[in-house]
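Participant: With our numbering, letter number 165 in the sequence shown gets 167, and the count goes up by one each step, no holes. I'd like to ask some things about the structure below.
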Amino acid sequence: CNQKTSRLPVMEATETEVQASIDGLKSRNLVIETSGGRVARYAHNLERVLQVPSQAAALLTSLMLRGPQTAGELRISCERLHSFSDISAVQGFLEELAARAAGALVVELPRLPGARENRWAHLLSGAPKQDAPVADKRADGGSGGDLSLGELAALKANVARLEAEVVALKALVARICAELGIEK
């Protein structure tokens, strides 16, 4: 349970704390005990209880774990639970969760000073505090010194993919300009 990779925030929970959390979730039918092996195993039941698709459950899970995030941050943090095709897909699911007839599960927060995008927060534990910290901030000022090798490799792969995309887009713009007789 005390996983240290691909986890922000890193949690150090005792067995008693974990069991108390599981018991609380079981009382709300949010987890169910599954059969198997020598140790108790549990499966989440969020999708059935809230009647949401797996994509929405991935978004809610990340918001509960990491706090308010932008659509772009959510796309990255949900990657292991669900791979969204682009940010507009994330935005679409967030808007559906905010406009649910059975009651909103997320809310779009006002843009913070200096921020480019609005953040989203879950409503599962009530209205969020307006001064909630931005997700992914570290106490050490964001130096990134506590990144795991897997997280670093994923970031490097993301940068390489984005650089390749920029090169392709520059070539496309150059071709279009040439076809239209426009000098850059």
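For every residue, glycine included, the Cβ atom is placed at its ideal position computed from N, Cα and C. What you are looking at is a predicted structure, and each value in this text was computed from that prediction instead of being measured.
(1) Just curious, the beta strand (DSSP E) that A45 is in, first and last residue?
(2) Excluding the five sequence neighbours on either side, which residues of its own chain have a C-beta within less than 8 Å of the C-beta of L99, listed in chain order?
(3) Can you find the residues in the same chain that come closer than 7 Å, C-beta to C-beta, to H84, ignoring five residues on each side of it along the sequence?
(4) Looking at C-alpha atoms only, which residue of G183, A123, G69 is the closest neighbour of L111?
(5) First and last residue of the alpha helix (DSSP H) that includes T18?
(6) Within the continuous beta strand (DSSP E) that includes I34, where are the two ends?
(7) Assign V169 to one of three DSSP states: helix, strand, or coil.
(8) Could you pull out every residue in the same chain whose Cβ sits closer than 8 Å to the Cβ of V51, ignoring the five residues on either side in sequence?
(9) Which value, in whole angstroms, describes the spacing of the CA atoms of T16 and R40?
(10) Is E181 helix, strand or coil when you go by DSSP?
(11) Buried or exposed for L65, please, with buried defined as at least 16 other CB atoms from any protein chain shown within 10 angstroms of its CB.
(12) Kindly identify the DSSP beta-bridge partner or partners of A123.
(13) Pick helix, strand or coil for Q93, following the three-state DSSP scheme.
(14) Let me make sure I understand the geometry here. Which of P70, A22, I184 has the alpha-carbon closest to that of L126?
(15) Given this structure, state the Cα-to-Cα distance separating A42 from K172, to the nearest angstrom.
(16) So L62 is in the alpha helix (DSSP H); what residue range does that whole segment cover?
(17) Which residues does DSSP pair with Q71 in a beta bridge?
(18) What's the gap between the Cα of N120 and the Cα of V161?
Facilitator: Here's the rundown:
(1) 43-46
(2) V54, A58, L61, L62, A106, L107, V108
(3) S56, Q57, A60
(4) A123
(5) 17-29
(6) 33-36
(7) helix
(8) R30, N31, L32
(9) 20 Å
(10) helix
(11) buried
(12) V109
(13) helix
(14) P70
(15) 54 Å
(16) 56-68
(17) W122
(18) 23 Å
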